[in-house]
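See below for the structure under consideration.
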Ligand code: AMP
Ligand code: MG
């Protein structure tokens with residue numbers, strides 16, 4: 012599936028709007044960082060050779076603040092008071108921190124600790140040299156990267172565009188939160204959940220509403236969604252029921268890629284393209300929707316967003332009580348809570364594992380991966396796909 016998805020266009024965005032986006036080109040530092048030798052501490056800029064026998068006294072002839080280049084020359088046995096981040100005066104080669112000194116006159120400092128060339132000096136370019144690569148292409152931008160872009164004087168960055176994802180719910184039985192439930196009706200939970208998942212992932216999420224189980228209405232909704240969005244995520248209508256039209260419509264008006272995967276929850280799934288726009292047809296059971304978003308839609312959308320490795324990450328956790336399951340030919344994704352302990356991550360089931368039981372899954376920290384078979388015994392280690 013992922014090989015069918017192409018990355019979106021490359022755009023230039025303000026760094027203020029760049030978190031979560033992926034760099035399309037490398038970013039170099041036009042100038043050295045730091046741009047000049049400067050002091051890491053508040054203290055006195057000195058010549059180390061003059062403070063070998065301590066205690067010893069030096070004359071304080073200037074004060075150098077951060078942001079102002081020093082102009083005073085330092086004569087023999089002279090020093091300058093200097094503040095963190097200030098330029099090291101040309102005649103000095105090291106800094107004595109203020110804690111290792113005491114003032115013994117208005118312009119006389121007693122130095123208590125012996126000096127060493129380069130002590131407390133942050134060298135020009137010791138983080139990045141001029142022309143060095145600050146960010147490789149394919150970097151998923153985090154807040155610290157935004158700081159780094161600012162450091163190298165880049166107000167904008169070249170990234171893959173943020174995917175615009177349309178979300179549609181299908182189902183005659185579904186109603187919104189604003190009306191009383193009639194017999195047989197349930198509330199549409201998936202649309203809001205999928206919109207929230209998309210937004211939290213950094214995509215632009217578009218609410219395309221709730222569509223009844225009507226083939227023509229579903230076709231119209233999918234066509235218009237595919238026209239206006241980079242990708243479409245639907246919920247419901249992809250299993251074997253008489254009114255499961257999403258799969259049928261996708262097969263008829265689009266190119267269907269695959270449908271059944273041997274996993275639980277989330278077995279019925281449809282993936283296809285309409286006019287080149289990918290459509291992720293997720294199952295209607297809320298937990299199945301959640302899990303299939305994580306396993307299929309998110310990696311697909313991340314691929315479009317330029318992620319070099321869009322696959323879910325896996326952690327390892329120990330299960331003190333074990334996790335039971337029955338053999339059914341499928342891989343199970345058990346919702347678990349994770350605790351950090353001195354021995355590493357520990358996983359416990361989050362509660363009822365029915366695919367309709369969103370209450371028991373909503374707070375889960377991860378999906379424990381259980382291969383086909385009888386499950387795992389107490390104390391076993393399992394792979395966990397983190398959910399947050
Ligand atoms: P479906 O995938 O359409 O066969 O639906 C499977 C189950 O999920 C049924 O019990 C539906 O009522 C339920 N369901 C479908 N869509 C939603 C939704 N948007 N919110 C909550 N439950 C849903
Ligand atoms: Mg349905």
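In the numbering used here, the protein residues as written are 12 to 399. Note that the Cβ used here is the ideal one computed from N, Cα and C, for glycine as well.
- For residue 350, the enclosing beta strand (DSSP E) stretches over residues 342–352.
- Annotation note: the stretch 283–313 contains the following uninterrupted alpha helix (DSSP H) runs of length 4 or greater, listed N- to C-terminal: 297–303.
- Counting C-beta pairs with one atom in each stretch, the stretch 53–73 and the stretch 349–367 have fewer than three that are closer than 8 Å, which means they do not touch.
- If you draw a straight line from the Cα of residue 222 to the Cα of residue 308, it comes to about 20 Å.
- Contact between residue 331 and residue 357 is confirmed by a C-beta separation of about 6 Å, below the 8 Å threshold.
- Classified as exposed, residue 183 has fewer than 16 neighbouring CB atoms from the shown chains inside 10 Å of its CB.
- Counting C-beta atoms within 10 angstroms of its own C-beta, residue 346 has 16 or more neighbours from the protein chains shown and is therefore classed as buried.
- C-alpha of residue 177 to C-alpha of residue 158: approximately 32 Å in a straight line.
- Between residue 75 and residue 98, the beta carbon gap of about 7 Å places them in contact (Cβ cut-off 8 Å).
- The stretch 62–80 makes no contact with the stretch 145–164; the number of CB pairs closer than 8 Å stays below 3.
- DSSP places residue 162 inside the alpha helix (DSSP H), whose first and last residues are 154–162.
- Residue pairing by DSSP places residue 95 in no beta bridge whatsoever.
- At a cut-off of 4 residues, the continuous stretches assigned as alpha helix (DSSP H) that sit fully inside the stretch 317–395 are 369–372.
- In the assembly as shown, residue 241 is a buried residue. Its beta-carbon has 16 or more other beta-carbons within 10 Å.
- Residue nearest to residue 301 within the set 141, 344, 168, 355 is 344 (criterion: CA-CA distance).
- Counting C-beta atoms within 10 angstroms of its own C-beta, residue 47 has fewer than 16 neighbours from the protein chains shown and is therefore classed as exposed.
- Rounded to the nearest whole angstrom, the C-alpha separation of residue 180 and residue 151 is 30 Å.
- A distance criterion of 8 Å places the beta-carbon of residue 360 beyond contact range of the ligand MG, judged by its closest non-hydrogen atom.
- Relative to the non-hydrogen atoms of the ligand MG, the Cβ of residue 182 comes within a distance shorter than 8 Å of at least one.
- Under the 10 Å beta carbon count, residue 243 is surrounded by 16 or more other beta carbons and is classified as buried.
- When the five nearest sequence neighbours on each side are left out, the beta carbons in the same chain lying within less than 6 Å of the beta carbon of residue 284 are those of 265, 266, in order along the chain.
- Judged by beta-carbon spacing, residue 293 lies within the 9 Å limit of residue 277, meaning their Cβ atoms are closer than that value.
- Remark: C-beta atoms of residue 38 and residue 146 approach each other more closely than 9 Å.
- When the alpha-carbon of residue 30 is set against those of 320, 201, 169, 328, the nearest one is in 169.
- Counting only residues of its own chain and dropping the five nearest sequence neighbours on each side, residue 367 has a CB closer than 6 Å to the CB of 296.
- Spatial neighbours of residue 62 in its own chain (CB-CB distance under 7 Å, excluding positions within 5 residues in sequence) are listed in chain order as 107, 122, 125, 126.
- With a cut-off of 8 Å, the C-beta of residue 247 is classified as near the ligand MG, since at least one heavy atom of the ligand falls inside that distance.
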